[in-house]
Each structure stands twice: as structure tokens, then as C-alpha cells.
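**Student:**
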């Protein structure tokens, strides 16, 4: 369900003036998540037809739409929504956790997505500890492979939380995302987290994040900190 819309963003879709549609619901339970209202589906849904009509009116002011969440690939109407946005002549960026590689692959094959941003929560072996759910690690690896080999603009990103992420984490991630066009290390902000205990976790210094960036750059990843 689409539960919120941000009319304009200059930050979320590189090089593109865009609106953002927020889908509710997520199959992960990362304790440091700050979008817990979307994860827990506490917001009422918007009327999707009215929302799409609003986008059609705004298309003369924007160049693209960010599909975010939550996890958008959980929504059975996602493909229809993206198709109708493409019919408006707008480009689409999809934010995903990579848990549905076949859906991701289908959207890319149908040319319904122009830019993919995938959250890499941690190294493959540590996914259950970070996400709070059981998940087949091959699913995450499959999504990474699809993106890297899909000839599509993309970025990978990791919110770096001291409880979960160390040098070893990124030494394991590096080979999986070799030569990624863009990799963002995101500073953890201990506010309004899904698990309130994480509001007391002290973030890493920028110097430590810089050390993690150097590790990823050894694998050809164009890496930045934000």
C-alpha cells in the first residue's frame, strides 16, 4: 500500500528532480530502522488512483519518481503502479532490500525501473542477526548479481551500526559487490529506532567509516560516506 508521498526531492534520486511514493510493510525487522511506521504498517493507505492522478498533474514539475518503503516488492500492485508512472514519461528509482530477486529481475526486463538502490544490511552470513528473520543468503546474492549484470544505474548502501558492522563485515561484502558503480556507507543515527535500545548506541566516527570505505574501494567500488 502507498501510505505517503513526498512531492519533491533533490537528494533521493541522483541527478533527478523527483517525487517519492512510500509503500508500507517490510519483511525485515532491522532493530535500528528509523522507518518503523512503514515497517509496522501503522499509517492508513492513500487512495492509489488519486495518488497517481496527483503525479500526473505534477509530471511537468518533476523528472522521476522514487519508489521506496518499507519494502515495495511486497506489494502486489507494484508493477501496475510502476507501469502507469512510466506511461507518464517519468523515470523510476526503486529502493529495495533485495529479498525478491525474481520481482526485481522482472521489473528490469520490462524496463520499468531506471535506477536501483539496494540496501545491503550486512555480510551474507550475518543477515539473520541483523534483519531478525530467517532468509536464504542466496536470495540476497542473486539480487546483487542481477543488479551488477543488468546494465542499469545502481547503488548499494549499508547503514553502519557498531553493534553489527566491523572491518570483517566489509571484507566479506567487498567481493560480492565488486566494481559496483556506487556504494554508500550511511551513518547510523540513533533516533526513533524500531528497537528503542538502539537510540543509545554511539555511532562510529567518520574516520572509522573512512576505513570501511577503503576496504570496499579495494574491490573497485566507487564508495562515499553520507
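In the numbering used here, the protein residues as written are 23 to 248. Here a beta-carbon is modelled for each residue, glycine too, at the ideal position from N, C-alpha and C. Small disclaimer: the values here were computed from a predicted structure and weren't measured.
If we ignore side chains and look at the alpha-carbon of each, how far apart do residue 35 and residue 219 end up?
**Tutor:** Along the chain shown, read from residue 1 onward, the residue named residue 35 stands at position 13. Along the chain shown, read from residue 1 onward, the residue named residue 219 stands at position 197. Taking the straight line joining both Cα atoms gives about 31 Å.
**Student:** Assuming the contact rule is C-beta atoms closer than 8 Å, residue 144 and residue 205 should be a hit. Round their C-beta distance to whole Å, please.
**Tutor:** On the chain shown, position 122 is the one that residue 144 refers to. On the chain shown, position 183 is the one that residue 205 refers to. Residue 144 to residue 205, Cβ: 14 Å. No contact.
**Student:** Thinking C-beta only, is residue 153 closer than 8 Å to residue 52?
**Tutor:** Here residue 52 corresponds to residue number 30 of the chain shown, with the count starting at 1. Here residue 153 corresponds to residue number 131 of the chain shown, with the count starting at 1. Taking 8 Å as the Cβ cut-off, residue 52 and residue 153 qualify as a contacting pair.
**Student:** Comparing alpha-carbon positions, which option in 38, 157, 141, 188 lies nearest residue 166?
**Tutor:** Walking along the chain shown from the start, residue 166 turns up at place 144. If we check each option's Cα against that of residue 166, 141 comes out closest.
**Student:** Considering residue 234, what are the terminal residues of the alpha helix (DSSP H) in which it resides?
**Tutor:** Locating residue 234 in the chain shown gives position 212, counting from the first residue. Run containing residue 234: 228-239, per the alpha helix (DSSP H) assignment.
**Student:** If you drop the 5 nearest sequence neighbours on each side, which residues of the same chain put their C-beta closer than 6 Å to that of residue 97?
**Tutor:** Numbered from its first residue, the chain shown carries residue 97 at position 75. Counting only Cβ-Cβ distances below 6 Å, and skipping sequence neighbours, we find 45.
**Student:** Looking only at its chain, what residues have a beta carbon closer than 8 Å to the beta carbon of residue 81, apart from the 5 residues adjacent to it on each side?
**Tutor:** Numbered from 1 along the chain shown, position 59 holds the residue referred to as residue 81. Taken in chain order, the residues that qualify are 110, 111, 112.
**Student:** Where does residue 174 fall in DSSP's three states?
**Tutor:** Your numbering for residue 174 matches position 152 in the chain shown. Correct three-state label for residue 174: coil.
**Student:** Quick one: Cα of residue 119 to Cα of residue 201, how far?
**Tutor:** Stepping through the chain shown from its first residue, residue 119 is reached at position 97. Stepping through the chain shown from its first residue, residue 201 is reached at position 179. About 19 Å.
**Student:** Considering residue 206, what are the terminal residues of the beta strand (DSSP E) in which it resides?
**Tutor:** Against the chain shown, residue 206 aligns to sequence position 184. 205-209 is the extent of the beta strand (DSSP E) around residue 206.
**Student:** Going by DSSP in three states, residue 29 sits in which element: helix, strand or coil?
**Tutor:** By one-based count along the chain shown, residue 29 stands at place 7. Here residue 29 sits in strand by DSSP.
**Student:** Find the nearest neighbour of residue 25 within the set 56, 66, 38, 42, judged by alpha-carbon distance.
**Tutor:** The residue labelled residue 25 in the question sits at position 3 within the chain shown. Taking each of 56, 66, 38, 42 in turn and checking the Cα distance to residue 25, the smallest one comes out for 66.
**Student:** In the DSSP assignment, find the beta strand (DSSP E) that holds residue 43 and state where it starts and stops.
**Tutor:** In the chain shown, residue 43 corresponds to position 21, counting from 1. Residue 43 -> beta strand (DSSP E) spans 40-45.
**Student:** Count the other CB atoms within 10 Å of the CB of residue 102; is the residue buried (16 or more) or exposed (fewer)?
**Tutor:** Counting from one through the chain shown, the residue named residue 102 turns up at place 80. Its Cβ having fewer than 16 others within 10 Å, residue 102 is exposed.
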